[in-house]
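Colleague:
Number of protein chains: 4
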Amino acid sequence: MPESSTKADGKGRRRKEARPAELVDAAFSLFLEKGFAATRIEDVAARAGVGKGTLYLYYQSKEQLLQAAVEQLLLPRFGDLQALIADPDLSAAEQLDRVLGLLWKHASASGLSGLPKLMIGECHNFPALARQFVERWIAPVQDQVLRKILQRGIARGEFSVSDPEYAVRCIAGGFVFLFIWGHSLADFDQRGFDPERQRTAWMEMIRSGLGLAPTTAEEALA
Amino acid sequence: MPESSTKADGKGRRRKEARPAELVDAAFSLFLEKGFAATRIEDVAARAGVGKGTLYLYYQSKEQLLQAAVEQLLLPRFGDLQALIADPDLSAAEQLDRVLGLLWKHASASGLSGLPKLMIGECHNFPALARQFVERWIAPVQDQVLRKILQRGIARGEFSVSDPEYAVRCIAGGFVFLFIWGHSLADFDQRGFDPERQRTAWMEMIRSGLGLAPTTAEEALA
Amino acid sequence: MPESSTKADGKGRRRKEARPAELVDAAFSLFLEKGFAATRIEDVAARAGVGKGTLYLYYQSKEQLLQAAVEQLLLPRFGDLQALIADPDLSAAEQLDRVLGLLWKHASASGLSGLPKLMIGECHNFPALARQFVERWIAPVQDQVLRKILQRGIARGEFSVSDPEYAVRCIAGGFVFLFIWGHSLADFDQRGFDPERQRTAWMEMIRSGLGLAPTTAEEALA
Amino acid sequence: MPESSTKADGKGRRRKEARPAELVDAAFSLFLEKGFAATRIEDVAARAGVGKGTLYLYYQSKEQLLQAAVEQLLLPRFGDLQALIADPDLSAAEQLDRVLGLLWKHASASGLSGLPKLMIGECHNFPALARQFVERWIAPVQDQVLRKILQRGIARGEFSVSDPEYAVRCIAGGFVFLFIWGHSLADFDQRGFDPERQRTAWMEMIRSGLGLAPTTAEEALA
DNA sequence: AATGAATGAGAATTCATTCAT
DNA sequence: AATGAATGAATTCTCATTCAT
Chain A
67 MPESSTKADG KGRRRKEARP AELVDAAFSL FLEKGFAATR IEDVAARAGV GKGTLYLYYQ
127 SKEQLLQAAV EQLLLPRFGD LQALIADPDL SAAEQLDRVL GLLWKHASAS GLSGLPKLMI
187 GECHNFPALA RQFVERWIAP VQDQVLRKIL QRGIARGEFS VSDPEYAVRC IAGGFVFLFI
247 WGHSLADFDQ RGFDPERQRT AWMEMIRSGL GLAPTTAEEA LA
Chain B
67 MPESSTKADG KGRRRKEARP AELVDAAFSL FLEKGFAATR IEDVAARAGV GKGTLYLYYQ
127 SKEQLLQAAV EQLLLPRFGD LQALIADPDL SAAEQLDRVL GLLWKHASAS GLSGLPKLMI
187 GECHNFPALA RQFVERWIAP VQDQVLRKIL QRGIARGEFS VSDPEYAVRC IAGGFVFLFI
247 WGHSLADFDQ RGFDPERQRT AWMEMIRSGL GLAPTTAEEA LA
Chain C
67 MPESSTKADG KGRRRKEARP AELVDAAFSL FLEKGFAATR IEDVAARAGV GKGTLYLYYQ
127 SKEQLLQAAV EQLLLPRFGD LQALIADPDL SAAEQLDRVL GLLWKHASAS GLSGLPKLMI
187 GECHNFPALA RQFVERWIAP VQDQVLRKIL QRGIARGEFS VSDPEYAVRC IAGGFVFLFI
247 WGHSLADFDQ RGFDPERQRT AWMEMIRSGL GLAPTTAEEA LA
Chain D
67 MPESSTKADG KGRRRKEARP AELVDAAFSL FLEKGFAATR IEDVAARAGV GKGTLYLYYQ
127 SKEQLLQAAV EQLLLPRFGD LQALIADPDL SAAEQLDRVL GLLWKHASAS GLSGLPKLMI
187 GECHNFPALA RQFVERWIAP VQDQVLRKIL QRGIARGEFS VSDPEYAVRC IAGGFVFLFI
247 WGHSLADFDQ RGFDPERQRT AWMEMIRSGL GLAPTTAEEA LA
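Protein chains in written order, with the numbering used here: chain A, 67 to 288; chain B, 67 to 288; chain C, 67 to 288; chain D, 67 to 288.
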């Protein structure tokens, strides 16, 4: 009987290989929006356009879905970032610019920009995941990328920072906050929120702060 | 030992006046830790040291408990901050220092430092609360305190910022991120986290960024 | 310290002996209205104008309150009815009239008119009470009062009934239904409900039914 | 033995079409027996032979289950009754006989006979339902069926009633009481209860009451 | 492989009952 | 004697997970 195949063609059974990723995407977007506990499996299935039971064909539990979602976003590593640092022709400031630009572009395109919000919200309910997130993303980006750039900049006399280790955290934190805000309270701020403009403001802040030094002020105006 | 309670400490009944605040505190700390949905009323009661039903003597529902918790933290306003700005003898930089210092101290002491994490996680589940939070805290602090200081600083030639409106958001954001981090992923960061040190680094970043040397300025323009 | 006595005088501590009856009255009226299960002890206390705990000073449980309420209404027996039957000078029709009139008056004045509704609703939850009610009221009134009148009427040639045993149930049933209706659906009948008028109609129905025989019609008009 | 279900009788899943009615039946029988408040959802599920959660697949709440149950019984209207009245060849007395006979049969077969008991008990907790019940059953049967028969009987000289409007209520009331009694206190009456016999007695009572006039007795036998 | 009806453990909420004051 | 704050067992309802189709 060709019954099932006929109707399943229209919408039901597209690229079978893409399923897992679609499911994880749907789950991630809902987890991000409502949090893990407040997200219903049925809603995930609905958003993915499949039946509730189908989810369990690919993932054993709701928690596994979360793990898979985080895993998927954690997978693409930052080998390219490392490459940037390796380039000896660039100034440290240029390196910083490019690295942050790349991170920004990549995170904005992928769901990665949502991950911090999710992890911050769920870290105490899923400590293992939290640790993974910190160890595989936060710490490496800070310690193996940003810090090295900073140290090089200091060594070259480009930068003047009294506590590089924590300066790095400031730079990263401000960056991450941008993502968090965009995925949360920005929606409730009547004043509007322009991510690109904020990024620019942020880059300026990193470079020259409020431009306290008179001499610096001139350049900052540029 | 001069314990606080009069004598009914053993199993302590009848402290009607203190109850609501105790309950809200217990609820807030759990909401902050696990999120609203993942927090069980029974756990709130246990942490407050009362029976499950007692909570419902004071709050009609779990959601009302959340509202009360947020409300309580939103109540104390920042009249004192306003006073600081009004002082014409201080430089803008000093004003900023003091205002941020005060915010820091106040938020660290009260539960207010946890509110951003909570609101960021729950904003989509409780839009009304989110709006309240933004309108009664975020926006006023940015627009009526920080921005005014910045503008005065610019007018006085102290500061040099190209986009004051968003610079304010950067300053506030970095600050808020400190709180968020301390209430979430800091616990999972093997490298440790010293809030005070980060605050210092952050203040420096605000003031002078990476301290780009005059010569560096050229590259920064690139 | 004369503190407690002073304020307790105004409203708090009237006739102490009347308490139990007041409590039972409040309970009965609420049980009647909402049913036993749907009635909250706190509402009973409120209606009686006392604190929740006070109820337990007089009755050990909610169920005991119900038992006491029913008991109280079941107590006054119908010795006087029996006396009426004994009067040999009255016709059976007159006896019936008086007996039903007396029942009507008594039941309307006391809460007794509500008891059937309550018992009908609760009989399966409180079988013992139900049995008591049937055995101490329903059956006696039917078998020892009404049936005897009917039998006397038949013997005297006044009445003509083919099944006296069940005719008695019809008479009693119609009567009881009047009470039930008045305590329940009458409140939701837009057409209004005049108990006295219905009683009159009912008495006529008992005496002469629809007046099928032309000759009977005249008496029916009387 | 030719059981009804096809084969999945053992633990029987998947009978989606029959489910809602089964659930409503189970619920109705329990509501009727114990009242709404005293009935536990779990018991309803058990009586219907399903799990607790299954109920919520079909009805959103316990209250909706009640509404559905009442609705279901209120649905079948009395078009056939109307037809009987329209027949001009029947005497009014014959019409009355048939109408009441039909009501009796129908109500006894369906759960309708239980509805009055339920509605009387719950009317104050569910006023909207009560009004519906009165407006869609009680009032129509009385005003559009019984009253018309009575008026026709009076016009034709068959009946002789001084207050037709309330006579109708007596007739209907006695009838309804039969149902109520059968669903409640009859179970606790040691004397037994024969509904059919009581119906007969009731029909006689309607026709000729107690046959007060000596001459009336003969006709009462008719 | 896909589905969604069915399930029951678990969470929020209610309320009879207790008991310190 | 009177109170009402406190309690936790019991109840309604939800939702992750299973499984027959």
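We put the CB at the ideal spot given by N, CA and C, even for glycine.
Can you tell me the Cα-Cα spacing of M271 (chain C) and I272 (chain D), whole angstroms?
Modeller: 7 Å
Colleague: So what's Q264 (chain D) in DSSP terms, helix, strand or just coil?
Modeller: helix
Colleague: Just tell me which of D:A104, D:W268, D:S174 and D:E108 has its CA closest to the CA of Y232 (chain C).
Modeller: D:W268
Colleague: Does any residue of chain D bring its CB to less than 7 Å from the CB of M67 (chain C)?
Modeller: The pLDDT assigned to M67 (chain C) is 39, lower than 50, so where the model puts this residue is not dependable; a value taken from the coordinates is nonetheless given after this. No, M67 (chain C) does not count as interfacial toward chain D.
Colleague: For the stretch 101 to 119 of chain A, which residues have a beta carbon sitting closer than 9 Å to at least one beta carbon of chain B?
Modeller: G101, F102, A103, A104 and T105
Colleague: State the DSSP-derived secondary structure class of C236 (chain B), mapped to helix, strand or coil.
Modeller: The three-state reading of DSSP puts C236 (chain B) in helix, counting H, G and I together.
Colleague: Report back the beta-carbon spacing between Y125 (chain D) and L89 (chain D) to the nearest angstrom; my notes put them in contact at under 8 Å.
Modeller: 7 Å
Colleague: Does DSSP put L169 (chain A) in a helix, in a strand, or in coil?
Modeller: helix
Colleague: Any C-beta of chain B within less than 8 Å: which residues of the stretch 187 to 203 of chain A qualify?
Modeller: From the stretch 187 to 203 of chain A, only G187, E188, C189, H190, N191, P193, A196, R197, F199, V200 and E201 have a Cβ closer than 8 Å to chain B.
Colleague: For a contact meaning CB atoms closer than 7 Å, what does Q217 (chain C) contact in chain D?
Modeller: Neighbours of Q217 (chain C) on chain D: none; closest Cβ ~12 Å, over 7 Å.
Colleague: Report buried or exposed for A221 (chain B), applying the criterion of at least 16 other Cβ atoms within 10 angstroms of its Cβ.
Modeller: exposed
Colleague: So, helix, strand or coil for D209 (chain D), using DSSP?
Modeller: helix
Colleague: Beta carbon of V211 (chain A), beta carbon of V136 (chain A): below 7 Å?
Modeller: no
Colleague: Could you tell me whether the Cβ of I272 (chain D) comes closer than 7 Å to any Cβ of chain C?
Modeller: Chain C contact via Cβ: present.
Colleague: Which residues in chain D have a C-beta closer than 7 Å to the C-beta of S250 (chain C)? List them in chain order.
Modeller: I186 and C189
Colleague: In its own chain, which residues sit with a C-beta less than 6 Å from the C-beta of R202 (chain C), not counting the 5 before and 5 after it?
Modeller: L140
Colleague: Anyone know if the C-beta pair for F245 (chain A) and S179 (chain A) falls short of 7 Å?
Modeller: yes
Colleague: I need the boundaries of the alpha helix (DSSP H) containing I107 (chain C), first residue and last residue.
Modeller: I107 to A114
Colleague: Which of the three DSSP states, helix, strand or coil, is assigned to A196 (chain C)?
Modeller: A196 (chain C) falls in the helix class under three-state DSSP.
Colleague: Under DSSP, the alpha helix (DSSP H) around Q133 (chain D) begins and ends at which residues?
Modeller: K128 to L140
Colleague: Using only the alpha-carbon positions, how far apart do G187 (chain D) and T120 (chain A) sit?
Modeller: Approximately 47 Å between the Cα atoms of the pair.
Colleague: Buried or exposed: where does R235 (chain D) fall if 16 or more other Cβ atoms within 10 Å of its Cβ makes it buried?
Modeller: buried
Colleague: Just to check my reading of the structure: K183 (chain A) and L251 (chain A) have Cβ atoms closer than 8 Å, yes? What is that Cβ distance to the nearest angstrom?
Modeller: The Cβ separation is near 10 Å, so there is no contact.
Colleague: Would you kindly work out how many angstroms separate the C-alpha atoms of A194 (chain C) and K100 (chain D), rounded to a whole number?
Modeller: 15 Å
Colleague: Just checking: is the beta-carbon of Q264 (chain D) within a distance shorter than 7 Å of some beta-carbon in chain C?
Modeller: yes
Colleague: Out of B:T266, B:A103, B:F225 and B:D109, point me to the one whose CA is closest to A158 (chain B)'s CA.
Modeller: B:F225
Colleague: Assuming A238 (chain B) and Q208 (chain B) are in contact, meaning their beta carbons sit under 8 Å apart, how far apart are those beta carbons, in whole angstroms?
Modeller: 5 Å
Colleague: With a cut-off of 8 Å on the beta carbons, I'd call A93 (chain B) and L131 (chain B) a contact; round off their distance for me.
Modeller: In this structure A93 (chain B) touches L131 (chain B) by the C-beta definition: roughly 5 Å separates them, less than 8 Å.
Colleague: Shortest alpha-carbon distance to Q161 (chain D) belongs to which of D:G219, D:I204, D:F254 and D:S95?
Modeller: D:G219
Colleague: Tell me the DSSP secondary structure of S228 (chain B) in three-state form.
Modeller: coil
Colleague: Taking the continuous alpha helix (DSSP H) assigned at F94 (chain D), which residues delimit it?
Modeller: R85 to K100
Colleague: For Q217 (chain D), which residues of its own chain have a beta-carbon under 8 Å away from its beta-carbon, when the five flanking residues on both sides are left out?
Modeller: So the list reads P230, once near-sequence residues are dropped.
Colleague: Could you give the distance in angstroms between the alpha-carbon of A112 (chain A) and the alpha-carbon of L181 (chain A)?
Modeller: 22 Å
Colleague: Of the choices C:C189, C:A114 and C:S127, whose alpha-carbon is the least far from that of F254 (chain D)?
Modeller: C:C189
Colleague: Excluding the 5 residues flanking A196 (chain D) on each side, which residues of the same chain have their C-beta closer than 7 Å to its C-beta?
Modeller: M185 and C189
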